[in-house]
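Structure first, commentary second.
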Amino acid sequence: MWRSRLIASHRFRSAHNNAIRGFNSKVHSIQTFRSCGYSNDLNSVALFSKSNSIRFFSSNSLDSANEANEEGEFSIDEMWKDGVNEASSVLEMDVSESETPVESVVNDEVHEVDVNELDRVVSLLKSKDDEFDVDGVKRSIESSLDDMNLDLSEEFVMGVLESENVSGENLIVFFKWAAEGKNQEAFSVATRSLDALVSAVCKEYKMKVAYSLWDLVKEIGEKENGVVTTEMLNSLISLFSRLGEGMAGYEVFNKFDVLLCVTNADSYYFTVEALCRRSIFDQVGLVIEKMISEGKLPEAGKTGNIICYLCKGGLVKEAHSVYLWAKGKESYPPQRSVNSLISSLCDRKKNDADSVHLALKMLDDYSGEEKRKYAIKQFSCVINGLCRINDIDGAKSLLSKMIKAGPPPGNAVFNTIINALSKSGDMAEAINIMRLMEGRGLKPDVFAYSVIMSGYTKGGEMDQAAKMLAEAKKKHCKLTPVTYHTMISGYCKLEQYEKAVKLLHEMEEFGVQPNADEYSKLIQSVCLKAADWGMAEKLLDEMMKKGLHLNGITKSLVRAVKELEKEASETKNVSVEA
Numbered sequence: 002m003w004r005s006r007l008i009a010s011h012r013f014r015s016a017h018n019n020a021i022r023g024f025n026s027k028v029h030s031i032q033t034f035r036s037c038g039y040s041n042d043l044n045s046v047a048l049f050s051k052s053n054s055i056r057f058f059s060s061n062s063l064d065s066a067n068e069a070n071e072e073g074e075f076s077i078d079e080m081w082k083d084g085v086n087e088a089s090s091v092l093e094m095d096v097s098e099s100e101t102p103v104e105s106v107v108n109d110e111v112h113e114v115d116v117n118e119l120d121r122v123v124s125l126l127k128s129k130d131d132e133f134d135v136d137g138v139k140r141s142i143e144s145s146l147d148d149m150n151l152d153l154s155e156e157f158v159m160g161v162l163e164s165e166n167v168s169g170e171n172l173i174v175f176f177k178w179a180a181e182g183k184n185q186e187a188f189s190v191a192t193r194s195l196d197a198l199v200s201a202v203c204k205e206y207k208m209k210v211a212y213s214l215w216d217l218v219k220e221i222g223e224k225e226n227g228v229v230t231t232e233m234l235n236s237l238i239s240l241f242s243r244l245g246e247g248m249a250g251y252e253v254f255n256k257f258d259v260l261l262c263v264t265n266a267d268s269y270y271f272t273v274e275a276l277c278r279r280s281i282f283d284q285v286g287l288v289i290e291k292m293i294s295e296g297k298l299p300e301a302g303k304t305g306n307i308i309c310y311l312c313k314g315g316l317v318k319e320a321h322s323v324y325l326w327a328k329g330k331e332s333y334p335p336q337r338s339v340n341s342l343i344s345s346l347c348d349r350k351k352n353d354a355d356s357v358h359l360a361l362k363m364l365d366d367y368s369g370e371e372k373r374k375y376a377i378k379q380f381s382c383v384i385n386g387l388c389r390i391n392d393i394d395g396a397k398s399l400l401s402k403m404i405k406a407g408p409p410p411g412n413a414v415f416n417t418i419i420n421a422l423s424k425s426g427d428m429a430e431a432i433n434i435m436r437l438m439e440g441r442g443l444k445p446d447v448f449a450y451s452v453i454m455s456g457y458t459k460g461g462e463m464d465q466a467a468k469m470l471a472e473a474k475k476k477h478c479k480l481t482p483v484t485y486h487t488m489i490s491g492y493c494k495l496e497q498y499e500k501a502v503k504l505l506h507e508m509e510e511f512g513v514q515p516n517a518d519e520y521s522k523l524i525q526s527v528c529l530k531a532a533d534w535g536m537a538e539k540l541l542d543e544m545m546k547k548g549l550h551l552n553g554i555t556k557s558l559v560r561a562v563k564e565l566e567k568e569a570s571e572t573k574n575v576s577v578e579a
């Protein structure tokens, strides 16, 4: 408002001067006009008198003007009307339309910021350390500022803090200097200026500067109540998080109560992020527990990030608690975080039954055909988990749901359940699942046949295992050495070595080349159990022809058996001669 008044006063003066010039051209005698004392009275008028209204003319001036008007040269009433109209238009001007120097109003007092002084300070802060030397003596920024005799104010400080390309370290030095005791009469720290400092410094990623800023904010907050805000502390936690200083961010979080600030959702988010980035998971659980108890839920995207952070740190139960809390608030996290949580709950390393069942319940949230359509990985993950904890009935039940409502199970899902049933010895049910698989148009692969054969061989049912091998050959499954090794091992356990050797030779007919391990295991079985050196020798000859070599253990075993065979033969000859 004071700017408008100032401009109005200038325009009043201009209007009145024009009026005087009009008088000079119209009045017969300029001496008569001057004798009225108009000019002297006009210059003595107080434009902003506290007790009187604005006066354009003195009483003498009006008398002189009226005398001039009696001669018919001009009308003072018209002149008065023109002046008042112009004054009204000037007073209605918006302050933003005026061109004035940079100024501030503090406590109803007008304070003009000296732009030249502001430029000098900014130039000083932008200078390098070696440019502070005067006469060969290095001077600090503070001493240079003292010599400038600045007209300090809050607006001046704000102008410095909002300047571009000034390092955060120098801004902190300037702010501390401005807040010193000798400057407190002109400038006192307020939320506005401190917030500008925090915003400027947090744009830099310098660890030393970040710690200096935190020390300053903490010092000010402990002395002045209500100056530090939640947003400032959140910015500091975020800065420490990006710098990888998790414990520093946690320290800021623990100072909210001391600095009389109230945590919000971002406070918890930035703190969890800072701790998880440095794998400080011992403290994360406490922060999550407090966040849930206070009910301060971040927006869905940040909630999803928290879930991913916790899963990465192995805090799957805490992550699931956050998920349930967000779900109760109808703030559903992104699907990627939900998928990550399900995979973590079914972690193979932990193999926790409770966690797997939590993941199983989460699958109920995949409502709608479109949503379930792309969730095959999550359903498969849960089935794997159920089979690992021996909840085969649960896995079969989930398989039935997949068949009815989707996502449609593939070979991997069926194979997982077939493998679990075979290991448990429930071969009849394993066969049923394989037939169900075929009924859905899926072709059982070599894995399905191999695990079923393995289940039969463990039970000593080699005839059933042989039938499955024959079926696999008939359906042109691409057999592997593992498949034959399963059968060969089964025959060796039953000491049916001829059948084992027959299978070994059969491998080549189906394009499966036996390796040295296959021969070694068979030779070991023959040598140890059958003590049939003749069969072992034949197998050794085959290996030599194929360029295969026995490993050290098998070689030692063969030598020992050969020596025993030789000693037994010599003993037998001696007995015959006797």
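First residue of the sequence shown: 2, per the numbering used here; consecutive thereafter. Cβ atoms here follow ideal geometry from the backbone N, Cα and C, with glycine treated the same way.
Can you tell me whether V220 is helix, strand or coil according to DSSP?
Sequence index remark: in the sequence shown, residue 220 carries index 219 (1-based). What sits at residue 220 in the sequence shown is Glu, not Val. Correct three-state label for E220: helix.
Does the separation of the CB atoms of Y251 and A275 fall below 8 Å?
Translated into positions along the sequence shown, residue 251 becomes position 250. Translated into positions along the sequence shown, residue 275 becomes position 274. Yes, the pair counts as a contact, with Cβ atoms nearer than the cut-off.
Sequence ranges, alpha helix (DSSP H) only - wholly within the stretch 439-525, length at least 4
Secondary structure within the stretch 439-525: the alpha helix (DSSP H) runs of 4 or more consecutive residues, fully enclosed, are 447-459, 463-475, 482-494, 498-510 (chain order).
Are the beta-carbon atoms of H358 and L342 separated by less than 8 Å?
Position 357 of the sequence shown, counted from the first residue, corresponds to residue 358. Position 341 of the sequence shown, counted from the first residue, corresponds to residue 342. No.
Excluding the five sequence neighbours on either side, which residues of its own chain have a C-beta within less than 8 Å of the C-beta of T487, listed in chain order?
Counting from 1 along the sequence shown, the entry for residue 487 is found at position 486. Cβ neighbours of T487 beyond the five flanking positions: S451, M454, S455, T458, A466.
If you draw a straight line from the C-alpha of R56 to the C-alpha of E113, how long is it?
By 1-based counting over the sequence shown, the position of residue 56 is 55. By 1-based counting over the sequence shown, the position of residue 113 is 112. Its pLDDT being 35, under 50, R56 is placed unreliably in this model, and the value from its coordinates should be taken loosely. Roughly 28 Å between the two C-alpha positions.
Once DSSP output is grouped into helix, strand and coil, what is the label at T230?
On the sequence shown, residue 230 is found 229 positions in, with the first residue counted as 1. It is coil, neither helix nor strand.
C-alpha distance - E155 paired with L214, whole-angstrom precision
For the purposes of this step, residue 155 is identified with residue 154 of the sequence shown, where counting begins at 1. For the purposes of this step, residue 214 is identified with residue 213 of the sequence shown, where counting begins at 1. Using only the alpha carbons, I get a separation of about 19 Å.
Suppose you measure from the CA of S557 to the CA of I307; what does that come to, to the nearest Å?
Against the sequence shown, residue 557 aligns to sequence position 556. Against the sequence shown, residue 307 aligns to sequence position 306. When rounded, the distance between both Cα atoms is 58 Å.
Can you give me the Cβ contacts of I281 inside the same chain, cut-off strictly under 6 Å, excluding the 5 residues immediately before and after it?
Mapped onto the sequence shown, residue 281 falls at position 280. Beyond the five residues adjoining it in sequence on each side, I281 comes within less than 6 Å, by CB distance, of G247 in the same chain, given in chain order.
Nearest by alpha-carbon distance to V447: which of K313, H477, F380 is it?
The residue given as residue 447 occupies position 446 in the sequence shown. It is H477.
Decide if M233 is buried, meaning its Cβ has at least 16 other Cβ atoms within 10 Å, or exposed.
Within the sequence shown, residue 233 is the residue found at index 232, counting from 1. It counts as buried.
Option in L119, A327, P408 with minimal Cα separation from L364:
For the purposes of this step, residue 364 is taken as the residue at position 363 of the sequence shown. Cα-wise, what sits closest to L364 is P408.
With a threshold of 16 other CB atoms inside 10 Å of the CB of V483, please say whether the residue is buried or exposed.
One-based indexing of the sequence shown puts residue 483 at position 482. Of the other Cβ atoms in all chains shown, fewer than 16 fall within 10 Å of the Cβ of V483; this residue is therefore exposed.
Residues in its own chain within less than 8 Å of C388 by CB, not counting five upstream and five downstream?
Numbered from 1 along the sequence shown, position 387 holds the residue referred to as residue 388. Result list for C388: A396, T417, I418, N420, A421, in chain order.
Exposure label - A471; buried when at least 16 CB within 10 Å
Locating residue 471 in the sequence shown gives position 470, counting from the first residue. It is exposed - the Cβ of A471 has fewer than 16 other Cβ atoms within 10 Å.
Under 6 Å Cβ to Cβ from I293, same chain only, skipping five residues before and after it: list those, please.
Counting from one through the sequence shown, the residue named residue 293 turns up at place 292. Counting only residues of its own chain and dropping the five nearest sequence neighbours on each side, I293 has a CB closer than 6 Å to the CB of W326.
Beta carbon of Q379 nearer than 8 Å to that of N340:
Here residue 379 refers to the residue found at position 378 of the sequence shown. Here residue 340 refers to the residue found at position 339 of the sequence shown. Taking 8 Å as the cut-off, the Cβ atoms of Q379 and N340 count as close.
Using CA atoms only, rank isn't needed, just tell me which of L261, K328, N166, S344 is closest to S317.
By 1-based counting over the sequence shown, the position of residue 317 is 316. Reading off the sequence shown, one finds Val at residue 317, where the question assumed Ser. For V317, the nearest C-alpha among the options comes from S344.
Under 8 Å between C-beta atoms of S332 and L298:
Translated into the one-based positions of the sequence shown, residue 332 becomes position 331. Translated into the one-based positions of the sequence shown, residue 298 becomes position 297. Yes, they are a contact pair.
Residue of D148, K424, L153 minimising C-alpha distance to L1:
The chain is shown only over 2 to 579; residue 1 falls outside these bounds and no answer can be derived.
In whole angstroms, what is the alpha-carbon distance linking Y206 and G286?
The residue you call residue 206 lines up with position 205 of the sequence shown. The residue you call residue 286 lines up with position 285 of the sequence shown. So the alpha carbons of these two residues sit roughly 28 Å apart.
Keeping to the same chain, check which residues put their C-beta closer than 7 Å to that of T192; ignore five residues upstream and five downstream.
Here residue 192 corresponds to residue number 191 of the sequence shown, with the count starting at 1. Cβ within range, chain order: V228, T230.
Straight-line gap, S381 to K374 (C-alpha atoms, nearest Å)
If you number the sequence shown from 1, residue 381 lands on position 380. If you number the sequence shown from 1, residue 374 lands on position 373. Near 13 Å, if we compare the C-alpha coordinates of K374 and S381.
Determine the direct distance from the alpha carbon of V123 to that of S50, and round the result to whole angstroms.
Mapped onto the sequence shown, residue 50 falls at position 49. Mapped onto the sequence shown, residue 123 falls at position 122. At S50, the pLDDT of 35 sits below 50, so the modelled position is not reliable; the number obtained from the coordinates is stated separately. A straight-line Cα-Cα distance of about 40 Å links S50 and V123.
Do Y520 and L504 count as a contact pair if the criterion is CB distance below 8 Å?
For the purposes of this step, residue 504 is identified with residue 503 of the sequence shown, where counting begins at 1. For the purposes of this step, residue 520 is identified with residue 519 of the sequence shown, where counting begins at 1. Contact: no.
For K313, which option in D518, V288, V273, K330 has the closest C-alpha, if you only look at C-alpha atoms?
Position 312 of the sequence shown, counted from the first residue, corresponds to residue 313. The shortest C-alpha separation from K313 is found at V273.
Could you pull out every unbroken alpha helix (DSSP H) segment of at least 4 residues lying fully inside the stretch 248-326, listed in chain order?
List check, alpha helix (DSSP H) in window: 266-278, 282-295, 301-313.
Limits of the alpha helix (DSSP H) - the one that V414 falls within
Position 413 of the sequence shown holds residue 414. Element bounds for V414: 412-425.
N-terminal and C-terminal residue of the alpha helix (DSSP H) that N385 is part of
Working through the sequence shown from its first residue, we reach residue 385 at position 384. N385 -> alpha helix (DSSP H) spans 377-389.
G160, enclosing alpha helix (DSSP H) - first and last residue
For the purposes of this step, residue 160 is taken as residue 159 along the sequence shown, with counting starting at 1. Element bounds for G160: 155-162.
By the DSSP assignment, the alpha helix (DSSP H) with N171 in it spans what residues?
Stepping through the sequence shown from its first residue, residue 171 is reached at position 170. Here the alpha helix (DSSP H) through N171 covers 169-179.
If you draw a straight line from the C-alpha of D542 to the C-alpha of L495, how long is it?
Numbered from 1 along the sequence shown, position 541 holds the residue referred to as residue 542. Numbered from 1 along the sequence shown, position 494 holds the residue referred to as residue 495. About 25 Å.
Kindly list the residues whose CB is nearer than 7 Å to the CB of A179, restricted to its own chain and excluding five residues on each side of it in sequence; keep chain order.
As a first step, residue 179 is located in the sequence shown; it is residue number 178 there, counting from the start. The answer, listed in chain order, is L153, V158, F188.
DSSP three-state call for V199: helix, strand or coil?
Within the sequence shown, residue 199 is the residue found at index 198, counting from 1. Looking at V199 - three-state DSSP - the assignment turns out to be helix.
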